[in-house]
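Engineer: Residues 1 to 402 (my numbering) make up the sequence shown, in order.
Think of the CB as a built atom: it goes at the ideal place given N, C-alpha and C, for glycine as much as any other residue.
Quantities reported herein were computed from a predicted structural model and do not represent experimental measurements.
One structure, as structure tokens, below. Some questions next.
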Amino acid sequence: MKINENYLKLQDSYLFSMIGSKVRAFEAENPGSDIIRLGIGDVTRPLPEAVIGAMLKAVEEMSAEKTFRGYPPEYGYDFLREKIRDNDYAARGIDIEIDEIFVSDGAKSDTGNIGDIFSAENTVAICDPVYPVYIDTNVMGGRAGELTKDGLWSDVTYLHCSPENNFLPELPKKAADLIYLCFPNNPTGMGITADGLKQWVDYANEHGSIILYDSAYEAYITEDLPHSIFEIEGAKNCAIEFRSFSKTAGFTGVRCAYTVVPRELEVGGVSLNKLWARRQATKFNGVSYITQRGAEAVYSQEGKAQVRATVNYYLNNAKIIEEGLRSSGFKTWGGVNSPYVWMKTPEGLSSWEFFDLLLKKAGVVGTPGAGFGPAGEGFFRLTAFNSAEKTQQAVERIKNSF
Ligand code: MLT
1 MKINENYLKL
11 QDSYLFSMIG
21 SKVRAFEAEN
31 PGSDIIRLGI
41 GDVTRPLPEA
51 VIGAMLKAVE
61 EMSAEKTFRG
71 YPPEYGYDFL
81 REKIRDNDYA
91 ARGIDIEIDE
101 IFVSDGAKSD
111 TGNIGDIFSA
121 ENTVAICDPV
131 YPVYIDTNVM
141 GGRAGELTKD
151 GLWSDVTYLH
161 CSPENNFLPE
171 LPKKAADLIY
181 LCFPNNPTGM
191 GITADGLKQW
201 VDYANEHGSI
211 ILYDSAYEAY
221 ITEDLPHSIF
231 EIEGAKNCAI
241 EFRSFSKTAG
251 FTGVRCAYTV
261 VPRELEVGGV
271 SLNKLWARRQ
281 ATKFNGVSYI
291 TQRGAEAVYS
301 QEGKAQVRAT
311 VNYYLNNAKI
321 IEEGLRSSGF
331 KTWGGVNSPY
341 VWMKTPEGLS
351 SWEFFDLLLK
361 KAGVVGTPGA
371 GFGPAGEGFF
381 RLTAFNSAEK
391 TQQAVERIKN
401 SF
């Protein structure tokens, strides 16, 4: 009897679980402390009214024999896939068909599970700092090698991001089979231009790489940046895109997302669309009817306006953080096309030292940059997902504490 020993290579707990337990321990030692949470990127605004209305109606349908639904279609109801096709793709001049869209319970699960359809022998290129799911799931899948003493995995090609390249990765020197990109970026909040993204698409097509493109934060784009990698010519031959309703429509607790695997995408003559369909049909039983009706309502006229209002609310918080910190001399990135503000830690503090001090002195929770990889050391991430009032308070407290 043997276990998957790759799991033993992982750190004891997932980044956000570790932060959660540290904050709970602090609260237990300091009862009544007034903590402001700008740590995990979890939304706080209620679901849009249009979504609630649609979900209530769907619940009603489930209560009558005639309209009751059992298992959902494994790749999503057509009513939702059609809305996604029309609004997220056709409206931007992108030709995506509904059988290229796979509705799921989250971009975290999909970016984690996508490795199932690729050989463990594939090489991966991953940004540093990065959303830890891409690294951890490749460790689980046996593609990462061994953890070296500098905190890097021996078989991973790291795309180093730093103030020197404005936290935008450069093309890998060594060709990689799978390239993970996330724009607007988690954790740095930086966006990529169409020209910048085109370089990656061209590179992938030239080297036979597949880009795993996470665009969960596209709704936060305020500048002239691509919302989808499929806006770039040639991307359908080399990219898979992950999208989510979590940060857009407040679905972090409801769970609904989708992944686009173009029909053109093949490896050695094998369709990745067919492989992903096979994987999902076997291991996943679909997203509930009620949830998908809620997601569909995101694309109604009222839904769109309500989602826009919520996203703008968070964007305003990001502005409060970014401008507040910058005007007090902190160095910051992101926050313009993203709900995340990335800052340099003050006074030469390491990112975990700053985390501890910030919690103690200011009662503010953020995420230490080092949790996103060694290149995140000396940086810190704050999210815009709290109330405007609490966000303002947090900024004042940070300014007064450092
Ligand atoms: C984050 O804080 O980075 C997000 O919550 C990650 C996620 O969406 O899983």
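Three-state secondary structure (DSSP) at Met343?
Structural biologist: Your numbering for residue 343 matches position 343 in the sequence shown. It is a strand residue.
Engineer: Just checking my contact of Lys149 with Val133 at CB under 8 Å: how many whole Å lie between their CB atoms?
Structural biologist: Residue 149 sits at position 149 when you count from the first residue of the sequence shown. Residue 133 sits at position 133 when you count from the first residue of the sequence shown. Their Cβ separation, rounded to whole angstroms, is 24 Å, which puts Lys149 and Val133 out of contact at 8 Å.
Engineer: Give a yes or no on whether 8 Å exceeds the smallest Cβ distance from Ala125 to chain B.
Structural biologist: Absent from the structure: chain B. Only one protein chain is present.
Engineer: Note down, in chain order, each residue of its chain lying with its Cβ closer than 6 Å to the Cβ of Cys256, except the 5 sequence neighbours on either side.
Structural biologist: Here residue 256 refers to the residue found at position 256 of the sequence shown. Answer for Cys256: Phe245, Val287, Thr291 and Ala295, listed in chain order.
Engineer: When you compare each of Glu396, Ala388 and Thr383 to Pro187 by their alpha carbons, which one comes out closest?
Structural biologist: Start at 1 with the first residue of the sequence shown, and residue 187 comes out as number 187. The shortest Cα separation from Pro187 among Glu396, Ala388 and Thr383 belongs to Thr383.
Engineer: If you draw a straight line from the C-alpha of Glu27 to the C-alpha of Lys2, how long is it?
Structural biologist: Taking the first residue of the sequence shown as position 1, residue 27 is located at position 27. Taking the first residue of the sequence shown as position 1, residue 2 is located at position 2. Each residue's Cα considered, the two are about 40 Å apart.
Engineer: Anyone know if the C-beta pair for Ile126 and Leu159 falls short of 8 Å?
Structural biologist: Indexing the sequence shown from 1 puts residue 126 at position 126. Indexing the sequence shown from 1 puts residue 159 at position 159. Taking 8 Å as the Cβ cut-off, Ile126 and Leu159 qualify as a contacting pair.
Engineer: Between Leu272 and the rest of its own chain, which residues show a CB-CB distance below 6 Å, the 5 nearest in sequence each way excluded?
Structural biologist: Within the sequence shown, residue 272 is the residue found at index 272, counting from 1. Counting only Cβ-Cβ distances below 6 Å, and skipping sequence neighbours, we find Val261 and Leu265.
Engineer: Would you report the Cα separation of Thr193 and Leu168, rounded to the nearest angstrom?
Structural biologist: What you label residue 193 is simply residue 193 of the sequence shown in a count that begins at 1. What you label residue 168 is simply residue 168 of the sequence shown in a count that begins at 1. Taking the straight line from one Cα to the other gives about 10 Å.
Engineer: Please work out which residues of its chain come closer than 6 Å, Cβ to Cβ, to Ala144, disregarding the five sequence neighbours upstream and downstream, and give them in chain order.
Structural biologist: Residue mapping note: residue 144 aligns to position 144 of the sequence shown, counting from 1. Asn138, Trp153, Asp155 and Val156, listed in sequence order.
Engineer: With C-beta atoms as the reference, is Ala219 less than 8 Å away from Thr248?
Structural biologist: Sequence index remark: in the sequence shown, residue 219 carries index 219 (1-based). Sequence index remark: in the sequence shown, residue 248 carries index 248 (1-based). Contact: yes.
Engineer: Is Leu56 buried or exposed, if buried means 16 or more other CB atoms sit within 10 Å of its CB?
Structural biologist: Reading the sequence shown from its first residue, position 56 is the one you call residue 56. Classification of Leu56: exposed, given that the 10 Å Cβ count is below 16.
Engineer: How about Lys108: is its Cβ closer than 7 Å to a heavy atom in the ligand MLT?
Structural biologist: The residue you call residue 108 lines up with position 108 of the sequence shown. Within the cutoff, so yes.
Engineer: Compare the Cα-Cα distances from Phe284 to each of Ile114, Arg85 and Val270 and report the closest residue.
Structural biologist: Here the question's residue 284 lines up with position 284 in the sequence shown. Considering only alpha carbons, the answer is Ile114.
Engineer: According to DSSP, simplified to helix, strand and coil, what is Val43?
Structural biologist: Here residue 43 refers to the residue found at position 43 when the sequence shown is read from its first residue. Val43: coil per DSSP, three-state reduction.
Engineer: Out of Glu389, Pro163, Trp342 and Ala176, point me to the one whose CA is closest to Ser119's CA.
Structural biologist: Here residue 119 refers to the residue found at position 119 when the sequence shown is read from its first residue. Minimum Cα distance to Ser119 is reached at Ala176.
Engineer: Taking only heavy atoms of the ligand MLT into account, decide whether any of them is closer than 7 Å to the Cβ of Asn186.
Structural biologist: Within the sequence shown, residue 186 is the residue found at index 186, counting from 1. For the ligand MLT, at least one heavy atom lies less than 7 Å from the Cβ of Asn186.
Engineer: Could you spell out the range, first to last residue, of the beta strand (DSSP E) harbouring Asp128?
Structural biologist: Taking the sequence shown and counting its residues from 1, the one referred to as residue 128 is at position 128. Element bounds for Asp128: Val124 to Asp128.
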